[in-house]
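>
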Amino acid sequence: MKTPVHPWAGPLAPAGLALSPAQPPAGRIWPRLRNNRAGLAGLVMVLFFGLIALGVVLGMLGQDWSAASGGRWEEPGAAHWFGTNLLGQDIFQRALYSVRVAFEIGMVVALVSTALGALTGALSGWHADSWADGVIVFLTGVLDSIPFYLFVAAVAFALKGNAWSMQIAMVATFWTTTSRLIRAEVMRLKGRDFIQAALAMGLPTPLILLRHVLPNTNHILLAQVAIVFVAAIKAEVILSFLGLGVHDGVSWGLMLAESTQEVLAGQFNDLLAASLPLFALLLGFNLMIDALQDAFDPRQGTA
Amino acid sequence: MKPEHAIQAMKYEARNAVLSVSELSVTFPSGKNRVAVVDQVSLELAAGEILGLVGESACGKSMTGAALMGLVPAPPGHVTAGKMELSGQDLTALDETGWRQIRGGVMSMIFQEPLTALDPVFSVGSQLWEVIRRHQRNGRSAAKGIAGQLLRDVGFSDVERILRSYPHELSGGMRQRVMIAMAMSCRPSVLIADEPATALDVTTQAQVLRLIRRMALDAKSAVLLITHDLGVVAEFCDRVMVMYCGHIVEEGPVEVLFSRPRHPYTAGLLAALPRLAEGPPIPVRTIPGSVPSPAQRLVGCRFNTRCDRAGQRCQVQQPKLQSHPGAGATVDGHDEGHRFACHYPLGQNTVEADSP
Amino acid sequence: MSDAPPLLSVRDLHVSYLARSSSSLRRPRLNAVRGVSFELHEGRVFGLMGESGCGKTSLARAIVRLTPPSAGEVRFRGQDMRGMDGRGLRRARREIQYLFQDPLAALSPRRNIWQTLLEPLVLHRLGNPADRRLRIEQALATVDLQPDVLGCYPHELSGGQRQRVALARVLVAEPALVIADEPMSSLDVSVQARILALMRKVQREKGISFLFISHDLAVVQQLADEVAVMYLGELVETAPAAELFANPAHPYTRALLAAAPRSRSPGGTERLVWRGEQPSPLTPPPGCVFHTRCPLVMDRCSTLRPGENTLANTAAGEASHKVRCHIWNS
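Just so you know, the sequences run in chain order Z, U and G. If you read the first sequence in the working numbering, its first letter stands for residue 10, the second for the next number, and so on. If you read the second sequence in the working numbering, its first letter stands for residue 10, the second for the next number, and so on. If you read the third sequence in the working numbering, its first letter stands for residue 9, the second for the next number, and so on.
(1) Let me check one thing: in DSSP terms, what residues is G:I221 bridge-paired to?
(2) Along the segment 91 to 117 of chain G, what residues have a CB closer than 7 Å to any CB found in chain Z?
(3) Report yes or no: is there a C-beta of chain G within less than 9 Å of the C-beta of U:P123?
(4) When you compare the CB of G:P128 with every CB in chain Z, is at least one pair closer than 9 Å?
(5) Using a Cβ cut-off of 9 Å (strictly closer), state whether G:E145 contacts chain U.
(6) Residues of the segment 49 to 73 of chain G with a CB closer than 9 Å to any CB of chain Z: list them in chain order, please.
(7) Pick out whichever of U:R170, U:S31, U:V27 has its Cα sitting closest to the Cα of U:G97.
(8) Can you name the residues of chain U whose CB is closer than 7 Å to the CB of G:A267?
(9) What residues of chain U sit near G:D5, judged by a beta carbon separation below 8 Å?
(10) Among G:A181, G:N136, G:L115, which has the Cα closest to the Cα of G:S166?
(11) Of the residues that make up the segment 148 to 177 of chain G, which ones have a beta carbon closer than 8 Å to any beta carbon in chain U?
(12) Does G:Y25 come out as helix, strand or coil in the three-state DSSP assignment?
(13) Could you name the residues of the same chain whose beta carbon sits closer than 7 Å to that of U:H173, not counting the 5 residues immediately before and after it, in chain order?
(14) Only counting the same chain, and skipping five residues up and downstream in sequence, which positions put a Cβ closer than 8 Å to that of U:E22?
(15) What separation, rounded to the nearest whole angstrom, lies between the Cα atoms of U:A276 and U:L124?
(16) For U:P197, tell me which candidate among U:K70, U:I257, U:A228 has the shortest Cα-Cα distance.
(17) Classify Z:F147 as helix, strand or coil using the three-state DSSP reduction.
(18) Is the Cβ of G:A226 closer than 9 Å to any Cβ of chain Z?
(19) Are the Cβ atoms of U:R149 and G:A226 separated by less than 9 Å?
(20) Distance check for U:V251 and G:L264, CA to CA, integer angstroms please.
(21) When the Cα atoms are used, what is the spatial distance from G:V199 to G:V237?
(22) Count the other CB atoms, across all protein chains shown, that sit within 10 Å of the CB of U:Y253; report buried if there are 16 or more and exposed otherwise.
(23) Under 8 Å between beta-carbons, which chain G residues line up against U:I119? List them in chain order, please.
(24) Closest Cβ-Cβ distance between G:L131 and chain Z: below 9 Å?
(25) Please name the residue in Z:A47, Z:F277, Z:T182 whose C-alpha comes closest to that of Z:L159.
(26) Which residue's Cα is closest to the Cα of G:V72: G:D88, G:Q146, G:V151, G:S60?
(27) Whether or not the segment 184 to 196 of chain Z and the segment 134 to 150 of chain Z are in contact is what I'm after, with contact meaning three or more pairs of Cβ atoms, one per stretch, closer than 8 Å; do they touch?
(28) May I ask you to verify whether the segment 56 to 71 of chain U touches the segment 228 to 238 of chain U, counting CB pairs closer than 8 Å and requiring at least 3?
(29) Between the C-alpha atoms of Z:A6 and Z:A241, what's the straight-line distance to the nearest angstrom?
(30) Between which two residues does the beta strand (DSSP E) harbouring U:K329 extend?
(31) So if DSSP puts G:K330 in a beta bridge, which residue, or which two residues, is it bridged to?
(32) Just to confirm before moving on: does the CB-CB distance between Z:D257 and Z:I100 stay below 9 Å?
(33) Find the residues of chain G that neighbour U:L160, judging by a C-beta separation of less than 7 Å, and give them in chain order.
(34) Kindly list the residues whose CB is nearer than 8 Å to the CB of U:C246, restricted to its own chain and excluding five residues on each side of it in sequence; keep chain order.
(35) Less than 9 Å between CB atoms is the rule here; does Z:M196 satisfy it with respect to chain G?
(36) Count the other CB atoms within 10 Å of the CB of Z:E267; is the residue buried (16 or more) or exposed (fewer)?
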C-alpha cells in the first residue's frame with residue numbers, strides 16, 4: 010500500500026489560544042529575528058559589508074584602488090595588507106572598492122527586478138486572461154528564451170557607453186521569474202475566501218492587492234530578492250571576467266580575471282581577496298533573508 | 010434476564026481481544042516541555058465489533074488512530090505504551106519494516122479524505138493490485154480477479170470502468186468505496202476508520218458506513234471508528250469511548266452511554282447536538298468555555314474548567330477511568346463495561362430510583 | 009404578507025460558468041443555478057438547504073455579485089442591484105454582509121484582528137476615528153470576545169473564536185442582511201451550539217435578516233423561519249420552516265429528512281439509503297432534476313419539467329408552500 014500522506018505530517022497544529030496584548034505587527038518582527046542566531050549572524054555580516062560600501066561611497070575607504078603604489082606582487086605586510094597585484098596596485102584597497110560595486114549591482118538589480126516582477130505578476134495574475142496578462146506572459150516567455158550572456162552582450166552593445174547597461178540587462182532578464190511566480194500565487198490567492206471576503210465587502214482592487222494579496226506573497230518576494238541579489242553579483246563576476254561587465258572601476262569579477270594570470274605565476278592574493286568576501290557576503294545575505302522570511306510570517310511561532 | 014441481554018453478557022465474558030492496548034501515550038514537544046496529546050489510553054477491540062472513538066477536534070482521537078497504525082511522525086512525536094498487542098504480536102517492538110508488513114495487511118486504515126489518500130497519478134486498478142500483490146503474494150492475473158471481486162463487493166456494477174479510472178474522475182462517495190475495498194482487500198483483523206464519512210453528503214454517509222459495517226462483519230474485522238459525530242456512533246457502533254483532551258472520559262456500550270451518560274462532558278455533547286424534530290425545534294444547550302490547549306497543563310480533571318458540577322476535588326485529583334458497580338448500574342447486565350472518569354457523575358441517585 | 013417590498017427578492021436567477029475539463033478543449037458550461045426565485049423579508053431567517061454541489065453557494069455568491077449572474081434579477085430593498093450607481097452599490101455592499109464557511113480561510117492571515125475589524129469601518133466611513141475603537145469593542149462584546157484578541161492573528165485563535173471574529177466583522181458594518189454560507193460546518197459540536205445561539209441572539213436583538221445556507225437539516229431547523237430545498241440548481245420546495253419539517257411535499261425533501269440521523273440515539277429508525285449518486289451538474293437530467301433517484305418516478309418526470317405548485321395548507325399571513333413536483337399537479 011502506498012504510504013498515505015497522513016494529516017499530521019506537519020508540525021502539530023497549535024490548538025492553543027496564544028493570547029497576547031494588542032501589539033502592532035511590526036513590533037513582533039524584531040523579537041523573532043533576535044532569536045534566530047543564524048539570521049542574526051547573516052545580518053551582522055551584511056551590515057559589515059554595508060558599512061564598507063558606505064565608507065567607499067563617502068570617500069573614506071578604498072580610494073587608492075587604482076594607484077600603482079607598490080611593486081609587482083608584493084607580499085602582504087603593513088603597507089599593503091593583502092599585498093599588491095601584477096600592476097603593483099594595493100589588493101586590499103581594490104577589494105574594499107569592489108564591495109561597493111557588488112552591493113550597488115546586487116541591490117539595484119534585486120530591488121528593481123523584484124519590484125517590476127511583483128507589479129507585472131500581480132497585474133497579470135489578478136486580471137488573468139485579459140490582454141494585459143497576455144502581453145506580460147508573452148514578454149516573459151520571449152525574454153526567457155534568449156540566452157542570458159548573449160542578451161547582456163546585445164544590451165551592452167545597444168546602450169554603448171551607458172554605465173548602467175549591465176544592470177539594465179540583468180533587470181530585463183531577472184524580473185521574469187518573479188513575475189511568473191507572483192502571477193501564479195496571485196491567481197491562487199484570488200480564489201481564497203479572505204480575498205473573496207474583501208471583494209464582497211466592496212474594497213477597491215488596489216487596496217485589496219496592497220493589503221491582502223501582496224503581504225501574502227512576502228515569502229516569494231523576499232526569496233526572489235535574495236536569489237537575484239546573489240545571481241546579479243555572480244553574473245557581474247562572470248560578465249566582468251568576460252569583459253562585458255564593469256568598465257571603469259574595479260570589481261571582484263575583474264580581480265578574478267586578473268588573478269587567472271597571477272595564479273599561473275603562483276600568486277593567490279588577488280584570488281583569495283576577491284573570492285572570500287564574495288562568499289561571505291552571499292552567505293550572510295542568504296542567512297539574513299531566510300530569517301526575515303520567518304520573521305515576517307505571523308504564523309511562525311511567536312517568541 | 011432477557012435472552013438478548015444474556016447474549017450480551019456472554020459476549021462480554023467471551024471477549025477475545027484482537028487488539029489490546031494499555032496506557033498508550035503520544036507526546037509532542039511544546040517549547041521546553043513535552044505535551045501529551047494522547048494520555049494513558051487503554052482499549053480492547055474484539056473481532057467483529059465496532060468501537061466508536063468520539064471527541065471534538067484536537068482531542069487526540071486521530072492521534073490515537075495514528076499511534077495504533079504506527080503512523081505518528083517521530084520525531085517530533087513520541088509514542089509510549091504499556092502494552093500494544095495485535096493477536097498476540099507485540100507492536101511496541103516493531104521497526105518501520107515490521108510496521109509496513111502490518112499496515113494494509115493485518116491492520117488497515119480509511120482516511121477522511123480519500124482524494125488525498127489515493128495517488129492521483131495511478132489508476133484505481135493499479136493501486137488496488139499493488140496492495141493485493143504486496144500482502145498476498147499473488148500473481149498478476151489473480152490479483153486482477155480479486156480486485157474486480159472487491160469492487161463488486163463494495164457495490165460497483167461497472168467494475169472494468171472503475172478499475173481503469175483515476176481518483177479524480179470518481180465522486181467522493183465512490184472514492185471512499187474504493188478506499189474501503191483497498192483497506193478490506195486483505196481481510197484485516199483490525200480496521201481503523203478515521204472520520205470515514207465526514208467529507209460526504211448525508212445521503213452518501215449512510216451508504217458508506219453501512220458498507221464498512223457489512224465488510225467488517227464478513228471479514229470478522231474489529232473496527233475502530235473515529236468520529237466527531239455522535240449520530241454516526243449511535244447508528245453504527247457497539248461500544249463507544251468518549252475522548253476529551255487526550256483522556257478517555259467515558260466508555261461503554263452505545264445504548265447505555267447514550268441513554269444514561271454519567272460524565273458531564275458526554276451529557277453536554279449530547280445536549281449540544283441539534284436534533285431534527287417533526288414539531289418545533291428542540292433547543293440545544295451549549296457547553297460553556299472552550300477546549301483548553303494541551304499546553305495548558307491542567308491539574309485534576311481536564312474538564313473542570315467547563316464543568317458546572319466541578320468541586321474542589323476536581324481541580325486537584327484526576328479521576329480514574331473505572332467501572333462503578335452498584336453505583337447506578339442497572340441489574341440487567343447492560344452496564345457491564347460502562348466506565349467513566351468523574352468524581353461527581355451524573356445520575357448518581359436518579360438512576361438508582363429507576364431500577365426496580 | 010406585509011405590504012412593504014421584501015428586503016431581498018430574487019427572480020428567475022441563473023448562474024453559469026465555464027467549467028474546467030481535462031478531457032476536451034472546449035470548456036463545458038456549468039449551469040450551477042437554474043431559475044431560482046424567492047423573497048426574503050426584513051427580520052426573517054431564510055434557510056437554504058441542499059447537498060454539496062447543488063448550487064447553493066453559487067446562488068449566494070451571485071446575490072453579492074462575487075460571480076455575476078447570467079440571467080435574472082436580484083432586488084435589494086426593491087431596487088435592481090444591476091442598475092445601482094456607485095453610491096447605491098456601496099450602500100448595498102455594506103448592508104449585505106457575507107459570512108464564510110471557514111473563518112480561518114476568510115480572515116486575512118497577515119492582518120491582526122484589530123486591522124480586520126477596522127477595515128469595514130474605514131471603508132464605509134462609519135463613525136469617526138475616535139469612536140471606532142468603541143464600536144469594535146461593542147461588536148466584540150456582542151460575540152462574547154474580550155478586547156485582548158485585537159492584537160492576535162487569526163491562526164492564534166481557536167475555531168470558535170475565529171468564527172466569532174468573522175461574525176464581529178460582519179456586525180461592525182451594521183448590515184440589514186447577512187448571508188451565512190455553512191457558518192457552522194467547520195466547527196466542533198460544542199462550539200456550533202454556541203455560534204448558533206449567538207446568531208439567534210444577534211438576529212433577534214438587531215433585527216438582522218439571515219440567508220442561512222446549510223446542508224445540515226437540524227441546524228437549519230434551529231434558526232430558519234422559512235426554508236427552501238435546493239437540488240441540482242433548482243429550488244424544489246419552499247415553505248415556512250414548521251410546515252416543511254412537518255409536511256414535506258417533495259420526494260427529495262422527504263428523502264433528505266429520512267436520510268438524516270433523526271433520533272441520534274441507538275435503536276432509532278434506520279436511515280434511508282439512497283439509490284444512485286447525484287448526477288453531475290454538468291449534465292443535469294432532463295425533465296424533473298430528481299427523477300433519476302426518485303422513488304415515486306412517473307413517465308412524464310423524465311421529459312417534462314414540473315412547474316411550481318402552491319399548496320394550500322399554510323396558515324394565513326405565512327409564506328406559501330411551493331413545490332416543484334408532478335405529483336402535486338393533479
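All C-beta atoms in this analysis are idealised placements derived from N, C-alpha and C, irrespective of residue type, glycine included. Computed from a predicted structure; not experimentally measured.
The relevant details are as follows:
(1) Taking the third sequence and counting its residues from 1, the one referred to as residue 221 of chain G is at position 213. Note: G:I221 sits in a beta bridge opposite G:L56, G:D189.
(2) R98, R101, Y106, F108, D110, A113, A114, L115, S116, P117
(3) Start at 1 with the first residue of the second sequence, and residue 123 of chain U comes out as number 114. No, no contact with chain G.
(4) Numbered from its first residue, the third sequence carries residue 128 of chain G at position 120. Cβ-Cβ to chain Z under 9 Å: yes for G:P128.
(5) The residue labelled residue 145 of chain G in the question sits at position 137 within the third sequence. It does not; no Cβ of chain U falls within 9 Å.
(6) R69, V72, R73
(7) Your numbering for residue 97 of chain U matches position 88 in the second sequence. If we check each option's Cα against that of U:G97, U:V27 comes out closest.
(8) For this step, residue 267 of chain G is matched to residue 259 along the third sequence. The answer, in chain order, is V211, T212, A215.
(9) Not covered by the structure: residue 5 of chain G. The range shown for chain G is 9 to 338.
(10) Position 158 of the third sequence, counting from 1, holds the residue named residue 166 of chain G. Out of G:A181, G:N136, G:L115, G:L115 has the C-alpha closest to the C-alpha of G:S166.
(11) S166, G167, G168, Q169
(12) Along the third sequence, read from residue 1 onward, the residue named residue 25 of chain G stands at position 17. The answer is strand: DSSP assigns G:Y25 an E or B state.
(13) By 1-based counting over the second sequence, the position of residue 173 of chain U is 164. Residue identity differs from the one stated: residue 173 of chain U is Arg in this sequence, not His. These residues qualify, in order along the chain: S132, G134.
(14) Taking the first residue of the second sequence as 1, we reach residue 22 of chain U at position 13. The predicted position of U:E22 is uncertain, since its pLDDT is 44 and thus under 50; a value taken from the coordinates is nonetheless stated next. Result list for U:E22: empty, nothing under 8 Å.
(15) Taking the second sequence and counting its residues from 1, one reaches residue 276 of chain U at position 267. Taking the second sequence and counting its residues from 1, one reaches residue 124 of chain U at position 115. Answer to the nearest angstrom: the Cα atoms are 35 Å apart.
(16) Numbered from 1 along the second sequence, position 188 holds the residue referred to as residue 197 of chain U. Per the Cα distances, U:A228.
(17) Residue mapping note: residue 147 of chain Z aligns to position 138 of the first sequence, counting from 1. In this structure, Z:F147 counts as helix in the three-state DSSP scheme.
(18) Here residue 226 of chain G is taken as the residue at index 218 of the third sequence, counted from 1. Not closer than 9 Å to any Cβ of chain Z, the Cβ of G:A226 fails to qualify, so no.
(19) One-based indexing of the second sequence puts residue 149 of chain U at position 140. One-based indexing of the third sequence puts residue 226 of chain G at position 218. Against a cut-off of 9 Å, the Cβ pair of G:A226 and U:R149 comes out as no contact.
(20) Here residue 264 of chain G refers to the residue found at position 256 when the third sequence is read from its first residue. Here residue 251 of chain U refers to the residue found at position 242 when the second sequence is read from its first residue. C-alpha separation (whole angstroms): 29 Å.
(21) Working through the third sequence from its first residue, we reach residue 199 of chain G at position 191. Working through the third sequence from its first residue, we reach residue 237 of chain G at position 229. Near 26 Å, if we compare the C-alpha coordinates of G:V237 and G:V199.
(22) Against the second sequence, residue 253 of chain U aligns to sequence position 244. Burial call: buried.
(23) Position 110 of the second sequence holds residue 119 of chain U. Ordered by position in chain G, no residue passes the 8 Å Cβ test against U:I119, which lies about 19 Å from the chain.
(24) Looking up residue 131 of chain G in the third sequence gives position 123. G:L131 counts as touching chain Z.
(25) Reading the first sequence from its first residue, position 150 is the one you call residue 159 of chain Z. Of Z:A47, Z:F277, Z:T182, the residue nearest in Cα terms is Z:T182.
(26) Residue 72 of chain G sits at position 64 when you count from the first residue of the third sequence. Cα-wise, what sits closest to G:V72 is G:D88.
(27) yes
(28) yes
(29) This structure cannot speak to residue 6 of chain Z, because chain Z is shown only from 10 to 312.
(30) Along the second sequence, one-based indexing puts residue 329 of chain U at 320. Run containing U:K329: none; DSSP gives neither H nor E here.
(31) Locating residue 330 of chain G in the third sequence gives position 322, where the first residue counts as 1. G:T246, G:T318, per the DSSP bridge assignment.
(32) Mapped onto the first sequence, residue 257 of chain Z falls at position 248. Mapped onto the first sequence, residue 100 of chain Z falls at position 91. Result no, Cβ atoms of Z:D257 and Z:I100 do not sit closer than 9 Å.
(33) As a position in the second sequence, residue 160 of chain U is number 151, starting the count at 1. Result: empty, since nearest Cβ-Cβ is about 15 Å, beyond 7 Å.
(34) Translated into the one-based positions of the second sequence, residue 246 of chain U becomes position 237. Result list for U:C246: I59, L60, G61, L234, V263, in chain order.
(35) As a position in the first sequence, residue 196 of chain Z is number 187, starting the count at 1. Judged by the 9 Å Cβ criterion, Z:M196 is not in contact with chain G.
(36) Reading the first sequence from its first residue, position 258 is the one you call residue 267 of chain Z. Z:E267 is buried by the Cβ-count criterion.
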